[in-house]
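Read top to bottom, the protein sequences are chains Y and P.
Take the first sequence: its position 4, counted from the start at 1, is 4 in the numbering used here, and no numbers get skipped.
Take the second sequence: its position 82, counted from the start at 1, is 82 in the numbering used here, and no numbers get skipped.
Ideal Cβ placement from N, Cα and C applies to all residues, glycine included.
Below is one structure, written out as structure tokens; the observations come after it.
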Amino acid sequence: MEETSFEQAFAQLEETVQSLESGNLPLEEAMALFERGVKLAAACNSCLDAAELRLKQLVPSLDGGFEAEPWQPKDT
Amino acid sequence: MIQIQRVSEVTRYLRELLDADEVLQDLWMEGEVSNFSRSSAGHVYFTLKDDASALSCVLFRGYIERGVKVPENGLQVVVHARLSVYEPRGTLQLYVDLVERAGLGELALQFEFLKARLAEDGLLEATRKRPLPAFPKRIGVVTSPTGAVIHDIINIVGRRYPLAEIVLSPAAVQGADAADSICQALRAVEEYGECDVVILARGGGSIEELWPFNEEKVARAIYACRIPVVSGVGHETDVTIADLVADVRAPTPSGAAELVVPDVQELRSQVRAQQLRLWQRTAELLASRRAALEQVQVLLFRLSPVDRLAYCRQQSRELSRRMVMRIQYRLAVQREQVDGRQRQLSSLSPLAILDRGYALCRHLSTREIVHSVAQASPGDSVEVRVSDGSFRSKVCTPERRRGKACDDGGNEL
Chain Y
1 MEETSFEQAF AQLEETVQSL ESGNLPLEEA MALFERGVKL AAACNSCLDA
51 AELRLKQLVP SLDGGFEAEP WQPKDT
Chain P
1 MIQIQRVSEV TRYLRELLDA DEVLQDLWME GEVSNFSRSS AGHVYFTLKD
51 DASALSCVLF RGYIERGVKV PENGLQVVVH ARLSVYEPRG TLQLYVDLVE
101 RAGLGELALQ FEFLKARLAE DGLLEATRKR PLPAFPKRIG VVTSPTGAVI
151 HDIINIVGRR YPLAEIVLSP AAVQGADAAD SICQALRAVE EYGECDVVIL
201 ARGGGSIEEL WPFNEEKVAR AIYACRIPVV SGVGHETDVT IADLVADVRA
251 PTPSGAAELV VPDVQELRSQ VRAQQLRLWQ RTAELLASRR AALEQVQVLL
301 FRLSPVDRLA YCRQQSRELS RRMVMRIQYR LAVQREQVDG RQRQLSSLSP
351 LAILDRGYAL CRHLSTREIV HSVAQASPGD SVEVRVSDGS FRSKVCTPER
401 RRGKACDDGG NEL
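Structure below.
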């Protein structure tokens, strides 16, 4: 899953609803916005459904900087 | 040889002497406040004294505005100050930058002193607090890799917003090296560059255990961090310098975790709310279009020729009905006229009078009508005609009515 997709999809959903709510759109355009909104809402929900927290830890890298490697906390 | 000095040269010399003295530039002093006054410019002047001696003090308005406490007469206080010479008067003066009531512990004094200095440098300005990202993608966490804190943060973020990634930047959070370790871990997050918010966290502990979070280098590292920092240090009642410098202070590490991410349940309901608006708006649009259509249809029917046709048809029916009535009336009138004439005709017929009881008498032989008794001789055979037939009879005695001419026929029977 693309990590920015919820935020993007949600922003687009809000935008779609707003443009649907504003002004007197031609019916065809309104129906197109509606379809788009339905798809975006489904995309938002599936982002939320599919998400699983990822864990990483920063370790020094060879070039003197830092890189993130997968990590699991030890049970305390 | 005598060298005569000017007063200002001496006072300046004295001031430079004092200003160069490290001890006099960093004085912690305790004493009682007296002669308190405030100038029109907002600076505060007072005398600090003990049982043997006294020194004039000035506390400039700028410090007061940044939160340094203002003393009162009779109060026993600890001040931090530098000693210098006020040249116009050639007097010694303490330039105070911190006032605390006497009796505070050393750590508390250090805390207040650092807080005042950071305020002076603008590190605590509310205007510098940066907003947190609404949907963080990667959350840097500067804390110990072991212990409850990182577990709590993982659990809370995992439950509330599993879309995020947690990037641990491990640090020692207590002990002598802790401050350096925290600074380095913060820099590591910055250098890694992928995080859009940093949590700086540590579980509860004594003031000494939390002390690294009150150190100036940590404060300055937080301030220098290009990524917004959320602090969650100790318990709710613990306030550290790190908390004051951070962009957002959370009361605890768990609180910090809750603060940096939205709640997925909340997001779901927001998505639902948008969906609802989507459906409602579309339904409204369709309904309004349908209503407009119906209006036009009504108009169309009103304008259609169907009604006109019906009207014309009715008109023509009405006209033909009237026409028939008129003709029938005319016929009846004419029939009535014909009947009248017939009745007139039949009343004028000579035979019609017989119906009223008159009789017609003729000679049987000659068929001549007997008008007068003169025409009738006894023994004549006559035919008498009445309304419904005729009979024969014989004349007996004709008798002339008196006063009548004698040639009148005798028709008395």
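Where the beta strand (DSSP E) through residue i begins and ends
i               : result
F391 of chain P : 389-394
Q184 of chain P : Premise fails: Q184 of chain P lies in the alpha helix (DSSP H), 178-192, not in any beta strand (DSSP E).
R138 of chain P : 138-143
S381 of chain P : 381-386
D97 of chain P  : 91-101
C361 of chain P : 360-363
Beta-carbon proximity check, residue i vs residue j, cutoff 8 Å
i               : j               : result
G37 of chain Y  : L20 of chain Y  : yes
A242 of chain P : A250 of chain P : no
E112 of chain P : E100 of chain P : yes
V440 of chain P : T11 of chain P  : Limits of chain P in this structure are 1 at one end and 413 at the other, which puts residue 440 of chain P out of reach.
I139 of chain P : I156 of chain P : no
V271 of chain P : A41 of chain Y  : yes
R82 of chain P  : D152 of chain P : no
V68 of chain P  : D97 of chain P  : yes
Chain-order list of residues whose beta-carbon lies under 6 Å from that of residue i (same chain, five-residue window excluded)
i              : result
V59 of chain Y : E69
Any chain P beta carbon closer than 8 Å to residue i
i              : result
Q57 of chain Y : yes
E3 of chain Y  : Per-residue confidence for E3 of chain Y stands at a pLDDT of 46, beneath the threshold of 50, marking its modelled position as unreliable; no derived number is given.
K74 of chain Y : yes
E29 of chain Y : no
E15 of chain Y : no
E69 of chain Y : no
G23 of chain Y : no
A51 of chain Y : yes
Below-8 Å beta-carbon distance, residue i vs any chain Y residue
i               : result
T47 of chain P  : no
Q275 of chain P : yes
E209 of chain P : no
S169 of chain P : yes
G158 of chain P : yes
P418 of chain P : Since the first residue shown for chain P is 1 and the last is 413, residue 418 of chain P is missing from the structure and cannot be characterised.
E415 of chain P : Outside the displayed range of chain P (1 to 413) lies residue 415 of chain P, so it cannot be described from this structure.
E258 of chain P : no
V10 of chain P  : no
CB contact below 8 Å: residue i versus chain C
i              : result
L62 of chain Y : Structure shown: chain C not included; protein chains present are Y and P.
Element boundaries [alpha helix (DSSP H), containing residue i]
i               : result
H151 of chain P : 148-160
Q3 of chain P   : No alpha helix (DSSP H) contains Q3 of chain P, which DSSP labels as neither H nor E.
P445 of chain P : Nothing about residue 445 of chain P can be reported from this structure: the residues present for chain P run from 1 to 413 only.
I327 of chain P : 306-348
L118 of chain P : 106-120
Q12 of chain Y  : 5-21
7 Å CB neighbourhood of residue i in its chain, flanking five on each side removed
i               : result
F135 of chain P : P262
L364 of chain P : S381, V382, E383, R392
L415 of chain P : In the structure as shown, chain P begins at 1 and stops at 413. Residue 415 of chain P is therefore absent and cannot be evaluated.
T4 of chain Y   : A caution first: T4 of chain Y carries a pLDDT of 48, below 50, which makes its placement in the model too unreliable to give a value.
C183 of chain P : K217, V218, A221
E2 of chain Y   : Annotation note: pLDDT 44 at E2 of chain Y (below 50); position unreliable, coordinate value reported separately. Same-chain partners within the cutoff: there are none.
Cβ shell of residue i (< 8 Å), same chain only, five flanking positions each side left out
i               : result
A246 of chain P : L200, I222, V229, V230, S231
L413 of chain P : In this prediction, L413 of chain P has a pLDDT of 45, which is less than 50 and means its spatial position is unreliable; nothing more can be read from the coordinates.
L107 of chain P : I207, E208, W211, N214
L47 of chain P  : Per the sequence presented here, residue 47 of chain P reads as Thr, with Leu not at that position. These residues qualify, in order along the chain: V33, S34, N35, A54, L55, S56, C57.
A148 of chain P : G203
Exercise for review: Taking only runs that begin and end inside the segment 24-74 of chain Y, name each unbroken beta strand (DSSP E) of 3 or more residues, in chain order.
Suggested key: 54-60, 66-70
Point to revise | Ordered list of beta strand (DSSP E) runs contained in the segment 26-82 of chain P, each at least 3 residues | key: 27-38, 44-49, 54-59
Review point. Which residue spans inside the segment 220-269 of chain P form an unbroken beta strand (DSSP E) run of at least 3?
Key: 229-233, 248-250
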